[in-house]
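In what follows, a structure is listed as structure tokens, so that the remarks can point back to it.
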Amino acid sequence: MSSSPQPTPRESYRTGLRAGVPFAIAGGLLSLTFGVLAREVGFSALGAIVMSAIVFAGSAQFAVVSILAGGGGAGAAILAAALMNSRFLPMGAALAPSLSGGWLKRAAQGQTVVDASWAMANRGEGRFDRHFLFGATSVQYVTWFSGTAIGALGGSALPDPETLGLDAIFPAFFLGLLIAELRDGHAGAVALAGALIALALVPVAPAGVPVLAASIAALAGLRRRRSAS
Amino acid sequence: MSSELWLIVAGTAVVTAVIKATGPIALGGRELPPRAAGVIGLLASALLAALIVTEAFADGDRLALGPQTAGVVVAGIAFARGASILVGVGLAVVVTALLRAVS
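Have a look at this one:
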């Protein structure tokens, strides 16, 4: 290992790989439960594995499954996934100056943005270490894919996921991301409002609507950003 | 698997890829309009919170507390005290499984 202040792309990639390991382990467990849940709402094993391979966005995939489990339709499911993933717009925009190449290459590099990698690759002052990002994401992709395969193919051989407490992985994992997100900024009130909107609608609204409706809380950003900037 | 589910898989994949590509392609070096950035920046927090509580405090279409509620609350306390993602998730699983075993 060289001790130069500017790491080579290969060094950055390796550093990213190592930094991504804890998230990859947690993500692997999470995707295992995704594989099991997807089977329960009618996915074939192949369908669940293909979804993890080509979507690779945990919160969106769980949003889809929980809406389907509640009886929601394709439109509500895809809309929820799109809203859930809309955070990748500002994340991708922030990353843009640190990417290189033509539009196709930039678009491909943008696919490597996942929450934990993006946050860890942030070097401050608008700069991102893209090779670190690629490394941190690639190890998470491997476990996301293989965890889904294990859950989808072997879920019936496993004991009941609820007995093992595996149903707590999904909300706990996203609570970890949410609390990290709340550390910087003033999103706490918005998160609380979103939670209350969703809970208030659970007994009365059709499946999927409570989570979608929570996005209304984000409209607080219309005012707040102006005063902050 | 029904064609509706395959449609959902394809639709989710397309919207995800388009969203992830948009920033790097269209906004290279430029910033989102402040108002849009303000709303989008808060969407993840609002949606994540909604997803968490509908899993932890509800069962389908009714509000319900269960062992997983306690597991998630314990994880939240751990995260707030600086626990890593693995420790928090691990605590949630252990607490939930133990409470289920004794209840």
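Chains as they are written, first to last, in our numbering: chain E, 178 to 406; chain Z, 1326 to 1428.
The beta carbon of each residue, even a glycine, is placed where N, CA and C say it ideally should be.
Predicted model only: the values in this text are computed from it and were never measured.
Nearest neighbour of residue 315 of chain E by Cα position, chosen from E:300, E:365, E:261 and E:294, turns out to be E:294. Considered as a whole, the region 197–245 of chain E harbours 222–231 as its complete alpha helix (DSSP H) runs of no fewer than 4 residues, in chain order. Only exposed fits residue 1407 of chain Z, as fewer than 16 other CB atoms lie within 10 angstroms of its CB. Annotation: residue 186 of chain E to residue 357 of chain E spans about 27 Å, alpha carbon to alpha carbon. Under the Cβ criterion of 8 Å, residue 205 of chain E is not counted among the residues facing chain Z. Within the region 248–323 of chain E, the complete alpha helix (DSSP H) segments of 4 residues or longer fall at 251–262, 265–272, 280–287 and 292–298, listed in chain order. Separation of residue 389 of chain E and residue 184 of chain E (C-alpha to C-alpha, rounded to the nearest whole angstrom) is 43 Å. With the rule of 3 Cβ pairs closer than 8 Å, the region 268–279 of chain E does not count as touching the region 233–245 of chain E. Here residue 229 of chain E is buried, its C-beta having at least 16 other C-beta atoms within 10 Å. Counted as a single uninterrupted DSSP element, the stretch harbouring residue 1389 of chain Z is not any alpha helix (DSSP H), since DSSP gives it neither H nor E.
For residue 1384 of chain Z, the secondary structure class from DSSP, reduced to helix, strand or coil, is strand. At least 8 Å separates the CB of residue 1402 of chain Z from every CB of chain E. Three or more beta-carbon pairs separated by less than 8 Å link the region 1384–1400 of chain Z to the region 336–354 of chain E, which places the two stretches in contact. Listed by position along chain Z, the residues whose Cβ is nearer than 7 Å to that of residue 280 of chain E are 1350. Annotated three-state conformation of residue 188 of chain E is helix, per DSSP. For residue 272 of chain E, same chain residues with a beta-carbon under 6 Å away, outside a window of 5 residues either side, are 305 in chain order. Under the Cβ distance rule, residue 1368 of chain Z counts among the residues neighbouring chain E, one pair being separated by less than 8 Å.
For residue 379 of chain E, the closest of Z:1389, Z:1413 and Z:1400 by C-alpha to C-alpha distance is Z:1389. Annotation for residue 358 of chain E: the continuous alpha helix (DSSP H) segment containing it runs 346–360. Close to chain Z, meaning a Cβ-Cβ distance shorter than 7 Å, are the following residues of the region 286–309 of chain E: 286, 287, 288 and 290.
By the Cβ criterion, the region 204–222 of chain E is in contact with the region 243–257 of chain E, since at least three pairs of Cβ atoms, one from each stretch, lie closer than 8 Å. Judged by DSSP secondary structure, residue 339 of chain E falls outside any alpha helix (DSSP H); it is assigned neither H nor E. Residue environment: residue 1345 of chain Z is assigned as buried (16 or more neighbouring CB atoms within 10 Å of its CB, all protein chains considered). For residue 381 of chain E, there is no enclosing alpha helix (DSSP H), since its DSSP letter is neither H nor E. Chain-ordered, the chain Z residues with CB closer than 8 Å to the CB of residue 283 of chain E read 1346, 1349, 1350 and 1353. At a cut-off of 8 Å between beta-carbon atoms, residue 358 of chain E makes contact with chain Z. Rounded to whole angstroms, residue 254 of chain E and residue 241 of chain E show a C-alpha spacing of 5 Å. For residue 365 of chain E, the secondary structure class from DSSP, reduced to helix, strand or coil, is helix. At a cut-off of 8 Å between C-beta atoms, residue 1372 of chain Z counts as an interface residue with respect to chain E. Assigned with DSSP and collapsed to three states, residue 392 of chain E falls in helix. Annotated as distal: residue 209 of chain E and residue 374 of chain E, with beta-carbon spacing of 8 Å or more. Chain Z places no beta carbon closer than 8 Å to that of residue 186 of chain E, leaving this residue out of the contacts.
With at least 16 other beta carbons inside 10 angstroms of its own, residue 284 of chain E counts as buried. The Cβ-Cβ distance between residue 329 of chain E and residue 203 of chain E does not fall below 8 Å.
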